[in-house]
Amino acid sequence: MAMLEDKSLDGHGEFMGQRVVGRQSVVELRGELDILNIPGISDYLDVLTGGHQPHIVLDMREVSFLDASGLAMLVRARRRATERNGRLSIVIRDPAVSRVLRLAHLTGYFNLHDSVEAAVATAA
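The sequence shown begins at 87 in the numbering used here and counts up one residue at a time.
Okay, here's the thing in structure tokens:
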């Protein structure tokens with residue numbers, strides 16, 4: 087399984103890291119998910135969703151901004167996971183990020199959770 091060190095993706099100070107909990111990869115995303123940050127994150131999610139039955143939890147509790155490119159990345163990651171008999175769950179805390187998903191009519195499309203523990207337990 088690919089591992090990603092915490093690192094800055096650009097000048098905004100966004101970081102991401104990954105750990106494995108059971109059979110699931112928990113990917114931590116922080117900061118702004120916008121057109122400047124998405125290419126590197128999307129490439130990494132493509133690696134994670136490329137295997138057989140990828141089970142991924144995106145921990146977005148520390149994400150403060152999500153634009154259309156971020157939405158497209160999430161939709162692509164979910165599609166790739168489900169095409170391979172896997173699952174993508176998302177953990178969100180910020181009301182502004184939740185609002186973007188709601189306005190895009192995507193809340194029912196994703197497995198949304200309030201905590202990583204709930205997301206891991208649901209997919210287990």
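Note that the Cβ used here is the ideal one computed from N, Cα and C, for glycine as well.
Arg-109, DSSP secondary structure in three states: It is coil, neither helix nor strand.
Would you check if the distance between the CB atom of Val-133 and the CB atom of Val-177 is smaller than 8 Å? Taking 8 Å as the Cβ cut-off, Val-133 and Val-177 do not qualify as a contacting pair.
Measure the C-alpha to C-alpha separation of Asp-180 and Gln-104 and round it to an integer number of angstroms. The straight-line gap from Cα to Cα measures roughly 20 Å.
Can you check whether the CB of Ser-175 is closer than 8 Å to the CB of His-191? Their beta carbons are not under 8 Å apart, which means His-191 does not touch Ser-175 by this criterion.
Give the straight-line distance between the Cα atoms of Ala-207 and Thr-168, rounded to the nearest whole angstrom. The alpha-carbon atoms of Ala-207 and Thr-168 are separated by roughly 18 Å.
So what does DSSP say about Asp-120, is it helix, strand or coil? Coil.
I need the straight-line Cα distance from Asp-96 to Val-161, nearest angstrom please. Because Asp-96 sits at a pLDDT of 44, beneath the cut-off of 50, its placement in the model cannot be relied upon, and the following sentence gives the value as read from the coordinates. Roughly 23 Å separates the two Cα atoms.
With DSSP collapsed to three states, give me the class of Arg-179. Three-state result, Arg-179: coil.
What do you reckon, are the CB atoms on Val-183 and Met-146 nearer than 8 Å? With respect to the 8 Å criterion, Val-183 and Met-146 are classified as neighbours on the basis of their beta carbons.
Inter-residue CB distance, Leu-152 and Val-186 (contact presumed, cutoff 8 Å): Rounded to whole angstroms, the Cβ separation of Leu-152 and Val-186 is 5 Å, and the two are in contact under 8 Å.
Could you tell me the alpha carbon to alpha carbon distance between Val-202 and Arg-165, rounded to whole angstroms? Distance from the CA of Val-202 to the CA of Arg-165, rounded to the nearest whole angstrom, comes to 21 Å.
The beta strand (DSSP E) enclosing Ser-150, as first and last residue numbers: Run containing Ser-150: 141-152, per the beta strand (DSSP E) assignment.
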